[in-house]
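**Student:** Here's a structure for you.
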Amino acid sequence: GESVGLHLPTLSVQEGDNSIINCAYSNSASDYFIWYKQESGKGPQFIIDIRSNMDKRQGQRVTVLLNKTVKHLSLQIAATQPGDSAVYFCAENEKLTFGTGTRLTIIP
Amino acid sequence: GAVVSQHPSWVICKSGTSVKIECRSLDFQATTMFWYRQFPKQSLMLMATSNEGSKATYEQGVEKDKFLINHASLTLSTLTVTSAHPEDSSFYICSANNRGRVNEQFFGPGTRLTVL
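Listed in order, the protein sequences are those of chains P and V.
Just remember that the numbering used here sits 70 ahead of the position in the first sequence, which is counted from 1.
Just remember that the numbering used here sits 1392 ahead of the position in the second sequence, which is counted from 1.
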């Protein structure tokens, strides 16, 4: 069946460094993708989204890249801070299918 | 804006009892609300999609008679876990679509259910 999955389950990054979280999807018909951040014991929080007619979108300290050719999505977080430590999920809309998630740990 | 609340935030109950979880959109009208379940260290799994005034659509493998969903208004959906058992212990999260921004879902803070 269709799936959205992440390459790496955990990622540790030194504070101040940049981090990249990857996501692979298999539904080539997907046209809208979202990255969510989930802190422990809380619901997911919207970070950034991108439509399939774009290959890059930037927000505050975050950038999402979409490569439709290889069905790959990535989230780049610049100048990481301790508050960035969380689990990050990519998802396809409208019926959200979440990937496994990557736990990002920022090392002080 | 676009705040979704859940109540209770956590609940502990005995096996065999029923538990109701509320999901409210506080400052917007939600055309659709979604219910997810998340087990420890796992991803969110969609359980059902709920549209105001109509029956919920359940995902494959989710028992509709066990997980009763009521969506009586554009700001409230409830999930009732009937005859709960320890295996139903999980983190239940709802989300809502803003009526004016259909593609964006806003998530509630989740409800931790522990069944003894």
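A virtual CB, placed ideally from N, CA and C, is assigned to each residue, including glycine.
Every value quoted in this text rests on a predicted model; they were computed, and no experiment measured them.
So, for residue 1461 of chain V: in the same chain, excluding its five sequence neighbours on each side, which residues have a beta-carbon less than 6 Å away from its beta-carbon?
**Tutor:** Here residue 1461 of chain V refers to the residue found at position 69 when the second sequence is read from its first residue. For residue 1461 of chain V, where only same-chain residues beyond five positions count, the Cβ hits under 6 Å are 1440, 1442, 1448, 1471.
**Student:** How big is the Cα-Cα spacing for residue 1400 of chain V and residue 1503 of chain V?
**Tutor:** The residue given as residue 1400 of chain V occupies position 8 in the second sequence. The residue given as residue 1503 of chain V occupies position 111 in the second sequence. Residue 1400 of chain V and residue 1503 of chain V: Cα-Cα distance of roughly 6 Å.
**Student:** Assign residue 79 of chain P to one of two classes, buried (16 or more other C-beta atoms within 10 Å of its C-beta) or exposed (fewer than that).
**Tutor:** Taking the first residue of the first sequence as 1, we reach residue 79 of chain P at position 9. So residue 79 of chain P ends up on the exposed side.
**Student:** Please classify residue 121 of chain P: is it buried, with 16 or more other beta-carbons within 10 angstroms of its beta-carbon, or exposed?
**Tutor:** To locate residue 121 of chain P, count along the first sequence from 1; it is residue 51. Burial call: exposed.
**Student:** Can you find a C-beta in chain V that's less than 8 Å from the C-beta of residue 174 of chain P?
**Tutor:** Walking along the first sequence from the start, residue 174 of chain P turns up at place 104. It does not; no Cβ of chain V falls within 8 Å.
**Student:** Any chance you could list the beta strand (DSSP E) runs of at least 3 consecutive residues sitting entirely within the region 95-163 of chain P, in chain order?
**Tutor:** List check, beta strand (DSSP E) in window: 102-108, 115-121, 126-128, 132-137, 142-147, 156-162.
**Student:** Going by alpha carbons, who is nearest to residue 115 of chain P out of V/1416, V/1422, V/1496?
**Tutor:** Counting from 1 along the first sequence, the entry for residue 115 of chain P is found at position 45. Considering only alpha carbons, the answer is V/1496.
**Student:** Rounded to whole angstroms, what's the CA-CA distance from residue 77 of chain P to residue 1437 of chain V? Just pull it up for me.
**Tutor:** Residue numbering aside, residue 77 of chain P sits at position 7 when the first sequence is read from its first letter. Residue numbering aside, residue 1437 of chain V sits at position 45 when the second sequence is read from its first letter. The pLDDT assigned to residue 77 of chain P is 46, lower than 50, so where the model puts this residue is not dependable, and the model offers no usable value.
**Student:** Report the residue from V/1433, V/1474, V/1487 whose alpha carbon sits nearest the alpha carbon of residue 1458 of chain V.
**Tutor:** The residue you call residue 1458 of chain V lines up with position 66 of the second sequence. Here the closest residue by C-alpha is V/1474.
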